[in-house]
Each structure stands twice: as C-alpha cells, then as structure tokens.
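Residue numbers (the working numbering): 231 to 417.
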C-alpha cells in the first residue's frame, strides 16, 4: 500500500512520521521514509519538530529512533489515521455555527452577488463582524474585500468566491485561525 501524499507544511506529514515510530524496536530514517513516502531529510526535520513543537520524547540510539513518550499534544490513533490516509476527508461540523439560520460552508449557497447587493453575512466565529467594502479587482484571485471588527480592533480581509477567508492582516487577530473569518450568509 502506498502512503498518502500530503502537501508540504501539512500536520499530517508529522503525524505519519510519529505513527512510523515503533515504541519497542524503534525505526531508522530509511524505514520511516519507506513507510511515509517522505525523503530522509524531511523525516529528519519532522522528527526534530515532533520533539521541539509537539513535546514528543524521541531517543536516538545509533541509526534507530525510539518513541519514549508521545507527550500531551498528539494521540497515536490520529497519527495512525494520517499514515493510512484516513484523515483526508473534511470533518463536517468541526466549527459549529452559533446561531440558528446560519449555514455551514459545506451546505452554503454563498453568492458574491448577494453579498454585494446587501445580503446579511456573519463571520464563522461570531465574535467578529465582517464589513464588506466591495468586489476585489478583476486581476485578484479573491472575490471580496473588506475588514472584520470586534472590540479588540479591525483587520483588513480578502475572501474567496465561496466566502472562505483568504488573506488577513498579519498582526491583527493573529491568534485566530483563518477560517474564523469565513463568511456565512444569513438565511
């Protein structure tokens, strides 16, 4: 079975490496590379990231890496799912909509024209209020421009034609994931 292919920077690549470490006998870079389909340099970098960013305790003995403690961040079940490719499907309902009458992105009939005509929209995270300035330029890959506001400030935004947040100012609201600012049409 061929391992799944995830894009560079995807957390599931790190999870595949984690799943490839066998606590009892350990695993070499070559064996991890074969199991994950990642090159040895990438595997080596991801092992360092697991340790530094994921609080995973890994011991290297000769050419073999041993998993000593998975730490508080990850679960082995999820890591194994990434290695099997079982985390490819989107998780529907992962970001619940707070108010009745809102439609999730997967079920939305989002319309840029409706938004430009004055339809009421909300951000996925209802702590933020979107202000639509208008259509993006015709040369832009985005459909809408505007900003989101709350009591803490204002942030410039661009949105795709399906209402997904595309770009946000780098400093304002940096602790919130980008999808917090997805647009949802009110029904």
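Beta carbons are placed, not taken as given, at the ideal position from N, Cα and C, and that holds for glycine. Computed from a predicted structure; not experimentally measured.
Margin query: Beta-carbon within less than 7 Å of residue 390's beta-carbon, same chain only, minus the 5 sequence neighbours each way: which residues are those?
Written below: Beyond the five residues adjoining it in sequence on each side, residue 390 comes within less than 7 Å, by CB distance, of 372, 373 and 396 in the same chain, given in chain order.
Margin query: Quick check on this structure: which residue in 279, 286 and 360 has the alpha carbon closest to the alpha carbon of residue 409?
Written below: Ranking 279, 286 and 360 by Cα distance to residue 409 puts 360 first.
Checklist line | Integer Cβ distance of residue 263 from residue 278, believed to fall under 8 Å | finding: Taking a contact as a CB-CB distance under 8 Å, the pair residue 263 and residue 278 does not count as one, their CB atoms being some 15 Å apart.
Item checked: Residues near residue 233 by beta carbon distance below 7 Å, same chain, minus five either side -> Here residue 233 has 246, 265, 266, 267 and 313 as same chain residues with Cβ atoms under 7 Å from its own Cβ, once five neighbours each way along the sequence are excluded.
Check: Can you tell me whether DSSP reads residue 375 as helix, strand or coil?
Finding: For residue 375, the three-state secondary structure derived from DSSP is strand.
Next item on the list: Enumerate in chain order the residues of its own chain whose CB-to-CB distance from residue 310 is below 7 Å, with the five nearest sequence positions on each side excluded.
Entry: Within the same chain, Cβ atoms closer than 7 Å to the Cβ of residue 310 are found at 249, the five residues on either side in sequence being excluded.
Notebook entry, point to check: In terms of alpha-carbon separation, which member of 385, 383 and 353 lies closest to residue 392?
Noted result: Comparing Cα positions, the closest option is 353.
Next item on the list: Report the option in 276, 411 and 235 whose CA atom is closest to the CA atom of residue 316.
Entry: Taking only the C-alpha atoms, the option nearest residue 316 is 235.
Check: What three-state label does DSSP hand residue 396 in the structure shown?
Finding: The three-state secondary structure of residue 396, taken from DSSP, is strand.
Margin query: Tell me the rounded alpha-carbon separation between residue 237 and residue 413.
Written below: The alpha-carbon separation between residue 237 and residue 413 amounts to approximately 26 Å.
Check: Cβ of residue 382 within 9 Å of Cβ of residue 403?
Finding: With respect to residue 403, residue 382 sits close: the two C-beta atoms are nearer than 9 Å.
Notebook entry, point to check: The alpha helix (DSSP H) with residue 252 in it runs from where to where?
Noted result: Note, residue 252: premise wrong, no alpha helix (DSSP H); not H, not E.
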